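Chemist: Here the sequence shown is numbered in full-length UniProt numbering, starting from 1 and rising by one per residue.
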Amino acid sequence: MAENVDKIRADGETRRSNPVLTAQTGGETAAKEEQQTHGQTLTAFEEQAWFRHQQDQDTPDQFALAWRLSPQIRIGRLVSALEAVLKKVPGLNVRYRFDAQGELRKFTVRPAIQPVAFEPIADEAQAIAVLLREQGKPCELHLEPPVRFLLFTGGPYGVILGAVAHGILEKQLSWTQILSTLTAIYNGGTLPNLDQIVEHGGLTEGIGLPDGSRQINLPWLYRSESSAVREIIDFAKPCYRHVSGGAAARYGTTIEAARLTPFISAEGGPQAQMRVLAALFGCYLSTISAGEEVVVSLPVDGERGDAVSDDAAPAPRLRQVVVRNDGRPLSEIATQAQKSLTQRGNGVAASGSHVLVTRRLEPSASLRLADVTATRIPLPPAHCSVDLALAVGDEPGESLSLDLITGPQVSPHIGGFLLEQFVAWLVGQTAALPVVVGAPAPTTNAPQSSDGTHEAEMAETILAELREALSSPQMGLDDDFFDYGGHSLIATRVIGRLLSLHQIEIHISDLFSHPTARGLAAHARRTGGRIVAPPAVTATPHSGAASAPLSLAQKSLWKAYAAYDFGDIFNIPFALRFLDPVDETAFRQALLDVLERHTGLRTLFNEREGEVRQHVVAFSDLPSYQWFGYSHQSEASDWRERLAEEAGYRFNLAEELPLRIKFIRDGASGQQILSMLFHHIVLDEWSVNLMMDELAQAYPARVANRAPVWNNQPAPFHEFAIAQHEAGFNQTHLDYWVESLRGARGGQPLFGIETSAGNGVASSSSAGGWVELKIARSVSEGLYRLAHEHSASLFNVVYAGIAATLHGLGAPDDLVIGTSASGRNDARFFDTIGYFTTVVAHRLRFTEGITLAALIDQVKNNINQSIPHTDIPIDLIEEALSEEEASDRKHMFEVFIQLHAKNKLNGCFTLPEGGRVAFRQVDPEKNESLLGLHFEVMEEVIDGETSIRVLMSYRTGHYDAGRVDLIASTLTATFGRLAEPQAGVLPLAALVSPPQAVNHGGEAAS
């Protein structure tokens, strides 16, 4: 021991005198930490573990575990809980370094964000491969924590939680403690007692013998050393190919515990089962090796004695038994072997054994996350110094698990067969139970269709809904949802209609993973019960007056509207330039057709005694209101000035309709320009495309002097508001957001609170401006390709690109970004024009070395998992967080990203005679911004060509011209890198160009 410690100290002197080694051990950061704290003294076991770690890094003392987590898992809540575990469990958040005196000590570090790595996967095999790689990779104990967590997302069976632990903490902590703490934090319960090591716990499984193992006289058991015998590949299981150099493997099955009862000679219990299995497995190996003696070792039964008092002991004491099938009855051989194992004195360190029988490390009972099923995925160890090891564990229903672990010298193709034959021999049968390798995901977890006919019928039903939602009647069974403009909002519509109208349930994650009608049918299931027919078309639309309270989203908007003195901050101005002449009278009548169908557009808002209510104006009363203007009524002036005047109009919502439609004539070209101004309280993003679709149907009909024929009558918005008011807000949904965002910092300007004036105070003014980023066609194609490669939407990819850029420019590792959600969780209102949209906040975590693929997957999961909870307005969430955290922050985020998918403000009306009236959107001038940075992703189809552009609005009190140019140029460059082949596998640092320095005046410095 003394010479080992001296060697460690000598290493410390070398490191302090070698600047390269000093940098490798943490550099200036480590030195500063050591100056601030004296660190903690290592135990004798830790010193020995460190010494072994330094001397033999090719065989790392690490152990990986993994669990499948059912789809009910809340990823944001889990990440927060894992970060809290790393902070709260003593010993997890430490680094082993030399102090200024050359003494090896452990230091607690407190970074703002603890590392929880995200890895996107296509299947479970990828997760297993990553965990085995991490388990076999030397741990940098001076830089990395001894326990590391990984989250794998995107696979077919939900989230996989992985963990890798170093054995240096073996005598101080157990997985039972760690998982119990994780469970308590995730579930909001009381933390367990962390002062005691749980009996029979531990962090690693310890599959090995002190001096290795002896080979059994079974030549066919071992890997061929001949260079003529190359690697054998099972093509049915390509994900489980073994590396040429040899590695440990693990195979598993179960048996009924009652099978062992006839052979147990003494008291029962787990140790008795271990002893009898040691005897039986040894006897089986003796049988197939022609009666050779087989030496079996297993841990000492309850005699922790010296192993506990000698804290430096690297492994538990073992007992040995020699087993030979000499023709006696099996029960007699087993009885003799068990007697030998229980004799006192049979506790010396075993050597020369052939086989190890041990308890399987199984802490899964401590992982009980609320509403989540966690299923263990057993993994082979990184280092196995024994040829054969049998790990025994308890299973539900009076069963035992048997894991056979084979060492690197054993053929990678024999373990499953050997375990299968042992079980068959044990139960006296010639056939055996199925054996699994590395415990792949059970196929029974995947939803099954009753037969091919029903699956084909479901595929046709799904295809019909996809065609309608995407307005793509030519779409086929194997066409990709995203290739036709699909995104999460449309996915919500499709899923809701399939469930409510056809009783077909699909999950949004399935739609991203299997984005074709045929692929979805294979993962869909019938919910049972009577199929509800679609609502009948109403003969006469809702035309009478009605009164209703505000919806939750409207209340939230009204609160902000009042805070801005009922000004023009929530005006939604649109402008269209018609490239062909338009019949303004026919257009007005088409708008009336839309107003007749959608009561929300003809609504007044009155506040009495503190309550705001909305009152529907009867359709017959519309002539009493001024809301439409012809071009000949417009004064001769610059059309841009007229659009600006309209955009700044101040509505009196108590007395006038919440819309103003005016035609303006461009004096220079003679073309007609249409100004459409709406108050946001009656119109959201989804509604704009609905309105344009209906105008595309009504205008050609009115040009032909006939009324349009509608296929359905949308439910009126006020019915939604009444139903939501009666139900109240969903506390469970609010809790979801509070849990996801708890502890997140409030929104702050990207470059701090400096202004261009340099006065150190961020302006509260909403004054702002905007810039346009045009994306080259080749880059757009690359972004679509990247989305397709990662089963993501274009919005997921662009969102990730913007977030990566902002992080590269200095945004925090724990970044909250706002976006909009459709708020249409009720299929009855998918075709209703109104204000359903809610603002939501998603939390992104940037860990060291995070790849683009991992960030895209994180964005996708954040959005998809939150969709069922998007009925809660952001102000309620912010209020709940402020009350809980006693915070005075005003807003959760500084950055907002919004998608305008398949923007229908560019297009044409097709006339009955085959003519067309084409129009293009005129971007409005923006001189105000509620948010620091607002990115609008415009996906547009013009003359059959799809294009992407990004509009970036900003508050001038937060970002001056220099900083705006820096953000825009960096983002444009980032999009170009994202569009390159194989960009997903690269770390973000390789994709985001280093920003130019920004001087005190705010201009980009060269």
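Cβ coordinates follow ideal geometry from the N, Cα and C atoms, glycine included.
Please read these numbers as outputs of a predicted model, since none were measured by experiment.
#1: Could you pull the start and end residues of the alpha helix (DSSP H) that histidine 807 belongs to?
#2: Name the two residues that bound the continuous beta strand (DSSP E) containing glutamate 945.
#3: Hey, phenylalanine 118 and isoleucine 569: beta-carbon distance below 8 angstroms or not?
#4: Enumerate in chain order the residues of its own chain whose CB-to-CB distance from arginine 577 is below 7 angstroms, with the five nearest sequence positions on each side excluded.
#5: At 3 residues or longer, and completely inside the segment 385–423: list those beta strand (DSSP E) runs for me, N to C.
#6: Closest by CA to glutamine 48, which one among Leu104, Ala64 and Arg223?
#7: Is valine 612 near threonine 599, with beta carbons less than 8 angstroms apart?
#8: Look at the alpha carbon of serine 500 and the alpha carbon of glutamate 607, and state the distance between them as a whole number of angstroms.
#9: Exposed or buried, lysine 860, counting other C-beta atoms within 10 Å across all chains shown (16 or more means buried)?
#10: How would you write the range of the beta strand (DSSP E) that cysteine 139 sits in, first residue to last?
#11: Could you tell me the alpha carbon to alpha carbon distance between alanine 248 and glutamine 62, rounded to whole angstroms?
#12: Does any residue of chain D have a CB that is nearer than 8 angstroms to the CB of serine 669?
#13: Determine which residues share a DSSP beta bridge with serine 364 and list them.
#14: Under the three-state reduction of DSSP, which class applies to valine 840: helix, strand or coil?
#15: Pair every Cβ in the segment 580–593 with every Cβ in the segment 695–703, then say whether three or more of these pairs are closer than 8 angstroms.
#16: From the DSSP output, in three-state form, read off aspartate 621 for me.
#17: Where do the ends of the alpha helix (DSSP H) carrying tryptophan 737 lie?
#18: On a Cα-Cα basis, can you pick out the residue from Leu734, His725 and Leu911 that is closest to glutamine 554?
#19: Since I believe leucine 132 is in contact with leucine 379 (beta carbons under 8 angstroms), could you give me their beta-carbon distance rounded to a whole number of angstroms?
#20: If you measure between the beta carbons of alanine 647 and leucine 677, is that distance less than 8 angstroms?
#21: Just mark phenylalanine 482 as buried or exposed, buried being the case when its beta carbon has 16 or more other beta carbons within 10 Å.
#22: Using a Cβ-Cβ cut-off of 8 angstroms (strictly less than) and excluding sequence neighbours within five positions of phenylalanine 729, which residues of its own chain qualify?
#23: Hey, would you say tyrosine 222 sits closer than 8 angstroms to valine 386, going by beta carbons?
#24: Taking Cβ positions, are leucine 844 and glutamine 858 nearer each other than 8 angstroms?
#25: Give the secondary structure of lysine 662 by DSSP, where H, G and I count as helix, E and B as strand, and everything else as coil.
#26: Indicate whether histidine 487 and phenylalanine 795 have their beta-carbon atoms separated by less than 8 angstroms.
#27: Out of Ser780, Val895, Asn906 and Ser366, point me to the one whose CA is closest to serine 947's CA.
#28: Return helix, strand or coil for tyrosine 325, following the three-state DSSP convention.
#29: Between the C-alpha atoms of alanine 548 and glutamate 739, what's the straight-line distance to the nearest angstrom?
#30: In the DSSP assignment, the beta strand (DSSP E) including glutamine 614 goes from what residue to what residue?
#31: Return the Cβ separation of serine 634 and arginine 640 in integer angstroms, given the expectation that the two are a contact with Cβ distance under 8 angstroms.
#32: If you count every other CB in all the chains shown that lies within 10 Å of the CB of alanine 668, and 16 or more means buried, which is it?
#33: Spatial neighbours of phenylalanine 628 within its chain, please: CB distance less than 6 angstroms, with the 5 preceding and 5 following residues excluded, ordered by chain position.
#34: With respect to the beta strand (DSSP E) encompassing tyrosine 96, which residues constitute its N-terminal and C-terminal limits?
#35: Using the Cβ count rule (16 or more neighbours within 10 Å means buried), how would you classify valine 992?
#36: Taking tyrosine 564 as part of the alpha helix (DSSP H), name the residues at either end of that continuous run.
Modeler: Based on what the coordinates show:
#1: 794–808
#2: 945–955
#3: no
#4: Gln671, Ile673, Phe919, Arg920 and Val922
#5: 388–395 and 399–406
#6: Leu104
#7: no
#8: 36 angstroms
#9: buried
#10: Counting along the chain, cysteine 139 falls outside any beta strand (DSSP E), and DSSP gives it neither H nor E.
#11: 13 angstroms
#12: The chain inventory of the structure shown lacks chain D, comprising one protein chain alone.
#13: DSSP output for serine 364 lists no bridge partner at all.
#14: strand
#15: yes
#16: helix
#17: 731–741
#18: His725
#19: 7 angstroms
#20: yes
#21: buried
#22: Leu552, Asp871, Ile872 and Leu876
#23: no
#24: yes
#25: strand
#26: yes
#27: Ser780
#28: According to the sequence provided, residue 325 is asparagine. The question's tyrosine does not apply to it. Three-state result, asparagine 325: coil.
#29: 32 angstroms
#30: 611–616
#31: The pair is not a contact, with the Cβ atoms about 13 angstroms apart (cut-off 8 angstroms).
#32: exposed
#33: Arg588 and Ile661
#34: 94–98
#35: buried
#36: Premise fails: tyrosine 564 is in no alpha helix (DSSP H) and is neither H nor E.
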